[in-house]
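Numbering (my numbering), first residue to last: 2 to 247.
We treat Cβ as the ideally placed atom computed from N, Cα and C, and that holds for glycine.
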């Protein structure tokens with residue numbers, strides 16, 4: 002069990018008696034970058050974030066690339082998307098991020114990486130409170146899905162994730178009754194790993210340290226708490242293997 006460093010926690014930053022409101026906002030949104038870069042971030046996201054149509058897509062493609070660690074070719078960013086700590090985010094070629102999505106790399110040790118051909122559909126949230134997030138080539142993330150990393154999330158190539166799925170790699174200590182729930186120490190037993198070509202059906206939940214093998218299928222509404230082998234079909238809460246392919 003690994004305790005999660007709380008220095009990047011929203012509550013920790015906001016409740017710190019030191020620092021101005023502007024400094025706290027800057028740390029939450031972009032991190033420790035120059036004031037010039039911060040002003041640029043604020044200006045172009047304010048001007049272009051909600052702009053609709055082809056003009057909005059084209060302008061975001063041209064100007065947003067200066068925010069990120071790396072941006073490949075033909076990247077499409079929809080309206081009202083929020084990028085926190087974008088200097089830790091890398092986007093490969095042909096990545097699509099649909100309207101109203103959030104990419105928050107605040108807790109990444111190295112980076113949040115979306116490889117070539119990743120499609121993040123609308124109203125998704127991908128957040129790191131600790132550990133890196135790596136999403137492999139050709140992954141499709143369905144609308145309204147949420148990923149929260151505490152010690153890392155690794156998703157292999159070609160994974161299909163349906164709408165409303167939830168990945169949460171971490172938990173809170175439940176044995177400390179003297180501390181309010183919101184202030185308890187978070188911990189993680191390890192990263193979430195999803196093998197290549199796996200399929201997560203609608204509203205699947207994947208919890209701390211779970212592993213899903215290559216070509217595995219997780220049925221709708223299942224809750225994965227342990228290890229699902231390659232080419233298996235799993236169902237239920239907690240998810241159990243109901244079929245094992247060869």
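Classify residue i: buried if its beta carbon has 16 or more other beta carbons within 10 angstroms, exposed otherwise.
i: residue 121; result: buried
i: residue 23; result: exposed
i: residue 76; result: buried
i: residue 189; result: buried
i: residue 71; result: exposed
i: residue 18; result: exposed
i: residue 210; result: buried
i: residue 150; result: buried
i: residue 180; result: exposed
i: residue 28; result: buried
i: residue 229; result: buried
i: residue 201; result: buried
i: residue 148; result: buried
i: residue 55; result: exposed
i: residue 110; result: exposed
i: residue 184; result: exposed
i: residue 227; result: exposed
i: residue 246; result: exposed
i: residue 21; result: exposed
i: residue 74; result: exposed
How about residue i and residue j: do their beta carbons lie closer than 7 Å?
i: residue 135; j: residue 155; result: yes
i: residue 198; j: residue 212; result: no
i: residue 83; j: residue 96; result: no
i: residue 165; j: residue 194; result: no
i: residue 208; j: residue 169; result: yes
i: residue 157; j: residue 137; result: yes
i: residue 31; j: residue 41; result: no
i: residue 161; j: residue 129; result: no
i: residue 61; j: residue 78; result: yes
i: residue 81; j: residue 100; result: yes
i: residue 224; j: residue 206; result: yes
i: residue 87; j: residue 68; result: yes
i: residue 159; j: residue 191; result: no
By DSSP's criteria, residue i is part of a beta bridge. Which residues make up the other side?
i: residue 200; result: 161, 218
i: residue 141; result: 120, 161
i: residue 244; result: 234
i: residue 84; result: 104
i: residue 61; result: None; residue 61 has no bridge partner.
i: residue 42; result: Answer is none; residue 42 lacks a bridge partner.
i: residue 36; result: Beta-bridge pairing links residue 36 to no other residue.
i: residue 72; result: 92
i: residue 154; result: 134, 193
i: residue 172; result: 188
i: residue 147; result: 126, 167
i: residue 115; result: 92, 136
i: residue 225; result: 207
i: residue 77; result: 97
i: residue 212; result: 194, 228
Given 8 Å as the limit, is there contact between the segment 213-222 and the segment 235-244, that is, 3 or more CB pairs closer than that?
yes
How do the segment 106-118 and the segment 163-181 stand: do at least 3 beta-carbon pairs fall below 8 Å, yes or no?
no
Count Cβ pairs between the segment 88-98 and the segment 50-57 that sit closer than 8 Å; are there 3 or more?
no
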